[in-house]
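Single-structure report; data block below.
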Amino acid sequence: MILMPNSLQDFFTNWVSSFNKDEVKQICIDGKTLRGSKRKGDRTIHVINAYSTGLGLSLGQLKTDKKSNEITAIPELLDSLDIKDTIVSVDALNCQTEIADKIVSKGGDYLFCVKSNQEKLHSRIEERFEKYEQRGQKQIRKL
Numbered sequence: 078m079i080l081m082p083n084s085l086q087d088f089f090t091n092w093v094s095s096f097n098k099d100e101v102k103q104i105c106i107d108g109k110t111l112r113g114s115k116r117k118g119d120r121t122i123h124v125i126n127a128y129s130t131g132l133g134l135s136l137g138q139l140k141t142d143k144k145s146n147e148i149t150a151i152p153e154l155l156d157s158l159d160i161k162d163t164i165v166s167v168d169a170l171n172c173q174t175e176i177a178d179k180i181v182s183k184g185g186d187y188l189f190c191v192k193s194n195q196e197k198l199h200s201r202i203e204e205r206f207e208k209y210e211q212r213g214q215k216q217i218r219k220l
């Protein structure tokens with residue numbers, strides 16, 4: 078018996094959509110290279126995974142050609158997910174305006190990791206925290 082990938086994906090998507098939406102409060106999106114997936118003459122397989130912390134379940138995956146394609150693949154993966162009223166988190170590599178716009182346009186919120194190698198964005202965030210501290214706002218611990 079051979080399963081058709083698109084049919085299996087449609088079945089899985091319908092099954093996941095039957096879960097209580099309140100349990101899907103955060104979706105973590107991250108790319109992974111599958112160890113042991115390299116075959117002679119081929120590259121290793123790299124996938125983007127959307128994981129629901131509330132359900133403890135992967136909601137979807139998308140195979141990419143290589144790690145750098147994560148940035149272009151995430152919006153495609155987001156198109157297949159209902160992220161309304163959900164927090165979507167991604168790592169620093171995927172802290173991109175286009176990804177943020179996609180999440181917001183679908184009714185979700187985002188949580189992005191920003192590293193100091195993103196100099197402009199990192200310094201703007203630090204300046205914002207300093208302004209809050211100067212105005213007497215509640216102290217926020219810097220990591």
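Residues in the sequence shown are numbered consecutively from 78, following this note's numbering.
We treat Cβ as the ideally placed atom computed from N, Cα and C, and that holds for glycine.
Residue 190 places its beta carbon less than 9 Å from that of residue 169.
The DSSP-derived three-state label of residue 176 is helix. With distances taken between CA atoms, residue 127 lies nearest to 137 out of 120, 137, 121.
In this structure, 102 is the residue among 79, 80, 102 with its C-alpha nearest to the C-alpha of residue 158. Residue 200: member of the alpha helix (DSSP H) spanning 196-211, first to last residue. Under the criterion of beta carbons closer than 8 Å, residue 140 and residue 124 qualify as touching, at roughly 5 Å. In the structure shown, residue 98 falls within a helical segment according to DSSP collapsed to helix, strand and coil. At the C-beta level, residue 161 and residue 184 come within 9 Å of one another.
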